[in-house]
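Heads up: the structure comes next, in structure tokens.
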Amino acid sequence: MGVRNACALGTSKFLGYNHGRLPSPVIRVGGEARPVSLEEAIERAAEILSKANYPAVYGFGSTSVEAITAALELAEGIGALADNVSTICHGPSLEAVQDIGEVTCTLGVVRHRADLIVYWGSNPVYSHPRHMIRYGPMAEGRFRKGRADRKLVVVDVRKTPTARLADFFLQIKPGTDYEVLSALRAYIKEIDLEVEEVGGIRIERIEELGELMMGCQFGVLFFGLGLTMSPGRHRNVEAALALVRDLNAWTKFAIVPMRGHFNVEGANAAFTWETGYPFGVDFSHGYPRYNPGETTFVDALNRGECDAALIVASDPISHLPKDSADKLMEIPTVVLDPHITPTTLVAHVAIPTAHVGIEAQGTAYRMDGVPLELKKLVDPPPGILTDEEVLRRIGRVVLGVSP
Amino acid sequence: MEVILITGRSLSQGREKEGGKLSEAYRRAVAICELDPEDLEALGIKEGENVRVRTDFGSIVVKPIPSPQAPHRGVAFMPYGPWASMVMNSETHGTGMPTLKGLRATIEPTKEPVASLKELYSGRLR
Chain A
0 MGVRNACALG TSKFLGYNHG RLPSPVIRVG GEARPVSLEE AIERAAEILS
50 KANYPAVYGF GSTSVEAITA ALELAEGIGA LADNVSTICH GPSLEAVQDI
100 GEVTCTLGVV RHRADLIVYW GSNPVYSHPR HMIRYGPMAE GRFRKGRADR
150 KLVVVDVRKT PTARLADFFL QIKPGTDYEV LSALRAYIKE IDLEVEEVGG
200 IRIERIEELG ELMMGCQFGV LFFGLGLTMS PGRHRNVEAA LALVRDLNAW
250 TKFAIVPMRG HFNVEGANAA FTWETGYPFG VDFSHGYPRY NPGETTFVDA
300 LNRGECDAAL IVASDPISHL PKDSADKLME IPTVVLDPHI TPTTLVAHVA
350 IPTAHVGIEA QGTAYRMDGV PLELKKLVDP PPGILTDEEV LRRIGRVVLG
400 VSP
Chain B
0 MEVILITGRS LSQGREKEGG KLSEAYRRAV AICELDPEDL EALGIKEGEN
50 VRVRTDFGSI VVKPIPSPQA PHRGVAFMPY GPWASMVMNS ETHGTGMPTL
100 KGLRATIEPT KEPVASLKEL YSGRLR
């Protein structure tokens, strides 16, 4: 058995899909785990979630939109804080889009038309290994045939393997993205910058990049977590969104965020059409409320507000900062995942589920918002259900009706 | 040595996490710190030694690696994972997003070993 056409990450996912599986549902009491039937696990999960005063429902990086909408119905029914992994990824980008707006396009348009590609605070050679070949400078497009038809610009704080492929590389000082983006905006607007350098870069170099961007026929700015995670967060993304908007006075330019976790974009889409908000949605008042910093998972955990959590398709124990992960370990958690992870290993109830896109079909959204139907290729192990089915069963017990 | 610490994806981190986070391959991929070779030399790290990365929020021992992403003097990189999470800042400044890039950190050589995943959670994992 082999994998064709996948990148290194996808190949590993397909070849490793049956490694380190959660073999059966478990209930953990006093740190000791015992295997139980699915029915018993669901009963215990429902008990934990319905007894909680302010449960959190979190995750959704790696499951289908169908499962996510089931989870949101449950979250609404129990007055939970519902959040998804974009809260530690491109949440700030969504906040920035709410302030500035977004001039964007689909990846197909990029492949066929873009003659200038910028990766800012993103290292696709590692994070999205086939991005540059499928949609970026090496892609075969209708109007741009290959690498020679495009210019590649990379802006980063290290000389990454992506940077080594660039025609133009700007190595800025950490934490200076906002200043450099603003300097570019000033140049675009023909405002004189009375400084010699910005972000450790000579002003002439920044002006050179400005000329490149204004002079292209169709430019695209792909940006990553270098903008969303660095000090400034959503303000960094606002500067990038505003720069792209300003460039459209000169030429055609679009911006696309480099989303990770194969369906975090789908989580944002489902959250938005169900609640009106893309992440960080509180249902405790009986209607959806959105206020990042207040109704976001990490903040609620930090303040000790949640007294239980349902985690689906995510491993926050590994990836949240220690203080937040410690808070999560103090409360009872119900975890749905195909694999054993640090999060399943501390869960009070852990339920194995099927791998979406391998053992279960479902809808996922690409980084540009295009929905894709993921296929079921093999059966899951016997007795293993999908996230959607498990969530609906928990919902039926908790809410007493079929959600 | 004082540095700016950033965390992020790496190819081996992404590949190995799909194969299972409890594996030795995953630990080898993420319990590391990439440093500019000139910074490594200035630190005077001996063969087989590790580094202790310390921030205001925690400290962790990881394996130092000469960075393939050099030059970046004064900048240290750790791949996402349970080891990096031990030194990250949970403060979101009202955005929902904790501080996962751009932290001030100190790096010092140490003879201590790199903890296993089990040791990292000091017995809370079963």
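Top line first, the protein sequences correspond to chains A and B. 0 is the number of the first residue of the first sequence in numbering that gives the first Met the number 0; add one for each residue after it. 0 is the number of the first residue of the second sequence in numbering that gives the first Met the number 0; add one for each residue after it. Think of the CB as a built atom: it goes at the ideal place given N, C-alpha and C, for glycine as much as any other residue.
Suppose the cutoff is 6 Å on Cβ atoms and the five residues either side in sequence are ignored; what does the same chain contact list for A:G198 look like?
The count along the first sequence starts at 1 and reaches residue 198 of chain A at position 199. Within the same chain, I171, K172, T175, E178, V179 come within 6 Å of A:G198 by CB-CB distance, once the 5 residues on both sides are set aside.
Measuring only the C-alpha atoms, how far is A:N290 from A:G279?
Indexing the first sequence from 1 puts residue 290 of chain A at position 291. Indexing the first sequence from 1 puts residue 279 of chain A at position 280. Their backbone Cα atoms lie some 7 Å apart in a straight line.
Own chain residues within Cβ distance below 8 Å of A:F270, not counting five before or after:
Locating residue 270 of chain A in the first sequence gives position 271, counting from the first residue. Excluding positions up to five away in sequence, the list reads I67, L71, A81, N83, Y276, P277, F278, V280.
If you measure from the beta carbon of A:T352 to each beta carbon in chain B, is any gap under 8 Å?
Sequence index remark: in the first sequence, residue 352 of chain A carries index 353 (1-based). No, because no Cβ of chain B sits closer than 8 Å to the Cβ of A:T352.
Cβ-based contacts, 7 Å cut-off: residues of the stretch 6-30 of chain B near chain A
If the cut-off is 7 Å between Cβ atoms, the stretch 6-30 of chain B has G7, R8, S9, L10, G13, R14, E17, G18, G19, K20, L21 near chain A.
A:T86 by DSSP, collapsed to three states: which one?
Translated into the one-based positions of the first sequence, residue 86 of chain A becomes position 87. DSSP places A:T86 in helix when its eight states are reduced to three.
Can you list the residues of chain A that B:A41 reaches, using a CB-CB cut of under 8 Å?
Within the second sequence, residue 41 of chain B is the residue found at index 42, counting from 1. Within chain A, no residue has its CB atom less than 8 Å from the CB of B:A41, the nearest being about 18 Å off.
Alpha helix (DSSP H) containing A:S317: first to last residue?
For the purposes of this step, residue 317 of chain A is taken as the residue at position 318 of the first sequence. It spans 315-318 - the alpha helix (DSSP H) in which A:S317 sits, taken as one unbroken run.
Among the candidates A:P320, A:R395, A:L371, whose CA atom is the shortest distance from the CA of B:K100?
Working through the second sequence from its first residue, we reach residue 100 of chain B at position 101. Closest option to B:K100, Cα to Cα, is A:P320.
Counting only beta-carbon separations shorter than 8 Å, does A:S313 have a partner in chain B?
Residue 313 of chain A sits at position 314 when you count from the first residue of the first sequence. By this cut-off, A:S313 is not an interface position.
Taking 8 Å as the threshold (C-beta atoms), are A:A113 and A:R143 in contact?
Along the first sequence, one-based indexing puts residue 143 of chain A at 144. Along the first sequence, one-based indexing puts residue 113 of chain A at 114. Cβ atoms of A:R143 and A:A113: closer than 8 Å.
Interface flag, A:R157 vs chain B, CB-CB below 8 Å:
Looking up residue 157 of chain A in the first sequence gives position 158. Yes - at least one Cβ of chain B is within 8 Å of the one on A:R157.
Using a C-beta to C-beta distance shorter than 7 Å, which residues of chain A count as neighbours of B:V74?
Position 75 of the second sequence, counting from 1, holds the residue named residue 74 of chain B. Result: V156, R157, P173.
Kindly indicate if chain A contains any beta-carbon less than 8 Å away from that of B:M0.
Counted from its first residue, the second sequence places residue 0 of chain B at position 1. It does not; no Cβ of chain A falls within 8 Å.
Does any CB atom of chain B fall closer than 8 Å to the CB of A:L340?
What you label residue 340 of chain A is simply residue 341 of the first sequence in a count that begins at 1. Reading the sequence as shown, one finds Thr at residue 340 of chain A and not Leu. Yes, contact with chain B.
Applying a beta-carbon distance threshold of less than 8 Å, which residues of chain A neighbour B:K84?
Against the second sequence, residue 84 of chain B aligns to sequence position 85. The sequence given here places Ser at residue 84 of chain B; Lys does not occur at that position. Around B:S84, the beta-carbon contacts reaching into chain A at under 8 Å are S317, H318, L319, P320, K321, A324.
Under DSSP, the alpha helix (DSSP H) around B:W82 begins and ends at which residues?
As a first step, residue 82 of chain B is located in the second sequence; it is residue number 83 there, counting from the start. Unbroken alpha helix (DSSP H) run through B:W82: 81-84.
Going by other Cβ atoms of all chains shown within 10 Å of its Cβ, with 16 needed for buried, is A:V153 buried or exposed?
Along the first sequence, read from residue 1 onward, the residue named residue 153 of chain A stands at position 154. Its Cβ being crowded by 16 or more others within 10 Å, A:V153 is buried.
Spatial neighbours of A:T274 within its chain, please: C-beta separation below 6 Å, excluding the five flanking residues on both sides.
In the first sequence, residue 274 of chain A corresponds to position 275, counting from 1. Excluding residues within five positions, the ones whose Cβ falls inside 6 Å are V280, P287.
On the three-state DSSP scale, how would you describe A:V35?
Start at 1 with the first residue of the first sequence, and residue 35 of chain A comes out as number 36. DSSP places A:V35 in coil when its eight states are reduced to three.
Given the structure, does A:P341 come close to the ligand MN, in the sense that its CB is under 7 Å from one of the ligand's heavy atoms?
The ligand content of the structure shown is nil, which means the ligand MN is not present either.
Between A:R258 and B:M77, what straight-line distance do the alpha-carbon atoms span, to the nearest angstrom?
As a position in the first sequence, residue 258 of chain A is number 259, starting the count at 1. As a position in the second sequence, residue 77 of chain B is number 78, starting the count at 1. A:R258 and B:M77: Cα-Cα distance of roughly 20 Å.
Keeping to the same chain, check which residues put their C-beta closer than 8 Å to that of A:E39; ignore five residues upstream and five downstream.
For the purposes of this step, residue 39 of chain A is taken as residue 40 along the first sequence, with counting starting at 1. Once the five neighbours on either side are set aside, the close Cβ partners of A:E39 are P24, I26.
In angstroms with no decimal places, state the Cα-to-Cα distance between A:V2 and A:G382.
Translated into the one-based positions of the first sequence, residue 2 of chain A becomes position 3. Translated into the one-based positions of the first sequence, residue 382 of chain A becomes position 383. Going from the Cα of A:V2 to the Cα of A:G382 covers about 26 Å.
Kindly indicate if chain B contains any beta-carbon less than 8 Å away from that of A:R258.
By 1-based counting over the first sequence, the position of residue 258 of chain A is 259. No, no contact with chain B.
Give the range of the beta strand (DSSP E) segment to which A:T362 is assigned.
Here residue 362 of chain A refers to the residue found at position 363 of the first sequence. Element bounds for A:T362: 361-364.
Name the two residues that bound the continuous beta strand (DSSP E) containing A:E207.
Here residue 207 of chain A refers to the residue found at position 208 of the first sequence. Note, A:E207: premise wrong, no beta strand (DSSP E); alpha helix (DSSP H) at 202-214.
Does DSSP put A:K321 in a helix, in a strand, or in coil?
In the first sequence, residue 321 of chain A corresponds to position 322, counting from 1. Three-state result, A:K321: helix.
Where DSSP assigns a beta bridge to B:E1, which residues make up the other side?
Numbered from 1 along the second sequence, position 2 holds the residue referred to as residue 1 of chain B. According to DSSP, which records beta bridges pairwise, B:E1 is partnered with B:T105.
Neighbour flag for B:L34 against chain A, beta carbons, 8 Å
For the purposes of this step, residue 34 of chain B is taken as residue 35 along the second sequence, with counting starting at 1. So, not an interface residue.
Please list, in chain order, the residues of the stretch 89-113 of chain B that have any C-beta partner in chain A closer than 9 Å.
S89, E90, T91, H92, G93, T94, G95, M96, P97, T98, L99, K100, G101
Closest to B:Q12 by CA distance: which of B:T54, B:E23, B:M87, B:L102 is it?
Within the second sequence, residue 12 of chain B is the residue found at index 13, counting from 1. Comparing Cα positions, the closest option is B:E23.
C-beta atoms of A:A51 and A:D306 nearer than 8 Å
Translated into positions along the first sequence, residue 51 of chain A becomes position 52. Translated into positions along the first sequence, residue 306 of chain A becomes position 307. In contact: A:A51 and A:D306 (Cβ atoms closer than 8 Å).
Can you have a look at B:R125 and say buried or exposed, based on whether 16 or more other CB atoms are within 10 angstroms of its CB?
As a first step, residue 125 of chain B must be located in the second sequence, where it is residue number 126. Confidence in B:R125 is poor, its pLDDT being 44 and thus under 50, which makes the residue's placement unreliable; the coordinate value appears in the next sentence. Per the 10 Å Cβ criterion, exposed.
Minimum Cβ-Cβ distance from B:I3 to chain A less than 8 Å:
Stepping through the second sequence from its first residue, residue 3 of chain B is reached at position 4. Yes, its Cβ sits closer than 8 Å to a Cβ of chain A.
Could you tell me whether the stretch 105-125 of chain A touches the stretch 214-228 of chain A, using the rule of 3 or more Cβ pairs below 8 Å?
Segments in contact, yes.
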